[in-house]
Amino acid sequence: MGFQNVTETYQEETQPGPPSNPPIYELEPPVPLNSPEVFSSNGEYTFDAFDTMRSEAPIMWHPEEYGRGFWALTQYELIKQVELDPATYSSQRGGILMSYGLPEVPRHPLLHSSSLNSLINLDRPYHTPLRMEHMAWFRPDFVAELRKKVDTKVNELLDDMEAKGPVVDMVESFSAELPLFTLCEILGIPEADRPKLVHWMHYLENAQYQAQQEGLGNLSPEQIMEFMNEIQALFDYGRHQLMDRRANPRNDLLSAIAHAEIDGEPLSDEFLDGSWLLIIFAGNDTTRNSLSGTMKLITQFMDQREKLIANADLFPNFVNEAIRMVSPVTYMRRTVTKPTTLGGQALSEGDKIVMYYAAANRDPAKFDAPNSFDIERSNANEHLAFGNGPHVCLGKRVAIMQLETAYQNILRRFPKVRWTGKSELAPSNFVHAISNLEIDLGG
C-alpha cells in the first residue's frame with residue numbers, strides 16, 4: 039500500500055480507561071496537565087509540579103476525562119530516549135498533540151485535517167525526504183542572508199517602540215511582529231498581503247482565548263460562523279499561494295512545498311493545507327514567546343545582563359540558555375508502536391506518551407542549578423526546547439538568529455530596558471503563550 043494521509047491512519051481513543059499496564063509509581067498528577075488554565079493561572083509554568091513528578095514519578099500515568107489517558111515524561115534522559123527511537127514511538131500514528139478535539143465539538147474540517155496532515159506528524163520513510171525538500175531555506179548560508187533583513191526590521195520595530203514609549207507592550211510592539219516578518223520573507227508572501235496574515239494570526243489567538251474563557255458551549259452562532267469564515271479565508275489564501283507556486287515556481291519555501299512529493303506523488307490537497315498551517319504557526323508562536331520570555335529573564339537576572347553587555351561573545355550561549363529557561367513548546371506527544379519498557383515501566387502498543395520539554399530543560403541531573411539563568415552554562419545548547427532526533431525543529435537556526443539579532447540591538451539601544459512585572463499568559467498547555475508583556479525602555 040502506498041502513502042496514506044495521516045487522517046486515514048490516525049487512531050485515538052476518546053473513552054476514559056485504565057492504563058494498559060500497572061503504573062510503577064503511585065503518584066497522582068499534582069495538577070491536571072491537560073488543562074490549559076493550569077499553565078496560565080499564575081503567570082508561570084507549573085515548574086513545582088514538574089519537579090515533583092520528575093523526582094517521584096518520571097514516567098507517570100495521567101488519566102483524561104475524554105480520552106484513554108497518557109504517560110507523562112519529565113526526565114531529560116527518558117525524553118531523549120523516546121525522541122531517538124521513532125520506530126517504537128511514532129509521531130504519525132497519533133499525531134504530536136495530546137488531543138485533536140472531540141468529534142462533537144464544533145470545528146472547521148480543514149483545521150482538524152491539516153493539524154494531522156503535515157511533516158511534523160510523519161514517520162520514516164516518508165518524513166526524511168519531505169523534510170529534505172524544506173532544508174534549503176534553513177541552511178546557514180540562507181539564514182546569514184536573512185539576518186540582514188531581520189536586523190533592519192528589528193531596528194524599525196525598536197524605532198516605533200521608542201516613539202510610543204517608554205512603557206510599551208513588548209508582545210504587541212515587537213515579539214508578535216518580528217517572527218511574522220521573518221516567516222513571510224522565507225515563504226515569499228507579498229508585502230501587500232502580509233497584513234492579512236497578521237490579521238489571521240491575531241484573530242485565531244483571540245478566538246482561542248475567548249473560547250477558553252467563555253467555553254465553547256457559550257459561543258453564539260454568529261461567533262462560530264465568524265470563526266469558520268476566518269479559518270476558510272486563511273486556508274483559501276494558503277491554497278491560492280501554493281497553487282500559484284506550482285504553476286509559477288519562485289525561490290521561496292512555498293514553492294518548495296508546492297513541488298514536494300511523498301512516495302513519488304505531489305502532496306495531496308490535505309497535505310498542502312497541513313504544510314501551510316504548520317509553517318505559519320510553528321514559524322511564529324515559538325519565536326514570539328521566546329523573545330518575550332527572554333525579556334523576563336534579563337530583568338530577573340540583572341547580573342547576567344551585565345555580563346552580556348560587557349562581552350558580546352556570550353550572545354550565542356545566552357540565546358540557548360534563554361531558550362532552555364523559557365521552553366516555548368511545553369510538550370510533544372508520541373504513540374507506542376509495540377510492547378516495550380521505558381524507565382522500568384511496561385508499555386503497550388497504542389499507549390500515548392507526552393514528553394514535557396519544559397520539565398526536561400529544568401532536570402537537575404542534566405543541568406546544574408537548573409532554575410538559574412546562567413549565560414556561561416557549558417551545556418546550554420543541549421536543551422530539548424527544539425526537540426531531538428529526526429524531528430528536531432527544522433527552523434531552529436532561524437529562531438536562534440532572530441533572538442540573537444533582536445537582543446543585540448535591544449541591549450545596544452536600551453541597555454536599561456526592563457520588564458515591569460506585568461504580563462499575561464494565554465490558556466495553553468502546548469506552548470508557553472505570553473500574550474502581554476509590559477516593558478519600560480529605560481530612557
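Quick note on numbering: the sequence shown equals residues 39 to 481 in the numbering used here. C-beta: ideal position from N, C-alpha, C; glycine also. None of these values were measured; they are calculated from a predicted model.
- One Cα belongs to Gln446, the other to Phe273, and the distance between them is close to 36 Å.
- Taking a contact to require three or more Cβ pairs closer than 8 Å, the stretch 366-377 and the stretch 127-141 qualify as touching.
- With 16 or more other Cβ atoms from the protein chains shown falling within 10 Å of its own Cβ, Arg343 counts as buried.
- By a beta-carbon distance limit of 8 Å, Ala398 contacts Tyr114. Their separation comes to about 4 Å.
- With distances taken between CA atoms, Met393 lies nearest to Leu116 out of Lys191, Pro74, Pro366 and Leu116.
- Looking only at Glu75, Phe219, Glu359 and Leu432, the smallest Cα-Cα distance to Ala174 is reached by Leu432.
- Between Val44 and the set Leu157, Asp89 and Asn286, the nearest pair of CA atoms involves Leu157.
- Taking every protein chain shown into account, the CB of Leu216 has 16 or more other CB atoms within 10 angstroms, so this residue is buried.
- Here Ile336 carries a helix assignment [DSSP, helix/strand/coil].
- Under the three-state reduction of DSSP, His100 is assigned to strand.
- Residue burial is scored here from C-beta neighbours: Pro304 has fewer than 16 other C-beta atoms within 10 angstroms and is therefore classed as exposed.
- Nearest neighbour of Asp207 by Cα position, chosen from Trp457, Ile413 and Asp179, turns out to be Trp457.
- One thing to note: Lys376 has its Cβ no nearer than 9 Å to the Cβ of Phe108.
- The beta-carbon separation of Val209 and Ser365, rounded to 18 Å, does not stay under the 8 Å limit for a contact.
- Burial check for Glu223: the Cβ neighbour count within 10 Å reaches 16 or more, so the residue is buried.
- Boundaries around Ala384 are those of the beta strand (DSSP E), Gln383 to Leu385, since no alpha helix (DSSP H) includes it.
- The three-state reading of DSSP puts Arg284 in helix, counting H, G and I together.
- Every alpha helix (DSSP H) of 4 residues or more that sits fully in the stretch 385-427 is shown, in chain order, as 395-398.
- Of all C-beta pairs linking the stretch 423-441 to the stretch 406-415, fewer than three are shorter than 8 Å, placing the two stretches out of contact.
- Leu292 and Gln279 do touch by the CB rule: their CB atoms are close to 6 Å apart, below 8 Å.
- Contact check for Leu475 against Lys334 passes: the beta carbons are separated by less than 9 Å.
- Put simply, the backbone Cα of Pro233 is about 44 Å away from that of Asp406.
- Uninterrupted beta strand (DSSP E) stretches at least 3 residues long and entirely within the stretch 174-218 occur at 205-207, given in chain order.
- Taking C-beta atoms as the reference points, Arg435 and Glu359 fail to come closer than 9 Å.
- Under the 10 Å beta carbon count, Glu102 is surrounded by 16 or more other beta carbons and is classified as buried.
- Taking a C-beta distance under 9 Å as the contact criterion, Leu380 and Leu149 do not qualify as a contact pair.
- In this structure, Ala87 keeps its C-beta atom at 9 Å or more from the C-beta atom of His100.
- Close CB contacts of Ile336 within its chain, under the 6 Å cut and outside five residues either way in sequence, are with Arg343 (chain order).
- Rounded to the nearest angstrom, the gap between the Cα atoms of Leu441 and Pro60 is 44 Å.
- Residue burial annotation: Met363 is buried, with at least 16 other C-beta atoms found within 10 angstroms of its C-beta.
- Checking the DSSP bridge columns, you'll see Arg456 partnered with Asp478.
- Taking C-beta atoms as the reference points, Ser128 and Asp161 count as a pair closer than 9 Å.
- Counting along the chain, Phe108 sits inside no alpha helix (DSSP H); it lies in the beta strand (DSSP E) bounded by residues Gly105 to Leu111.
- The Cβ neighbour count for Gly105, taken over all protein chains shown within 10 Å, is at least 16; the residue is labelled buried.
- Excluding the 5 residues flanking it on each side, Asn467 has same chain C-beta neighbours closer than 8 Å at Leu71, Asn72, Ser73, Pro74, Val76, Phe77, Met136, Thr368 and Tyr369, in chain order.
- In chain order, Gly203, Pro204, Phe452 and Val455 place their CB closer than 6 Å to the CB of Leu479, counting only its own chain and leaving out the 5 sequence neighbours on each side.
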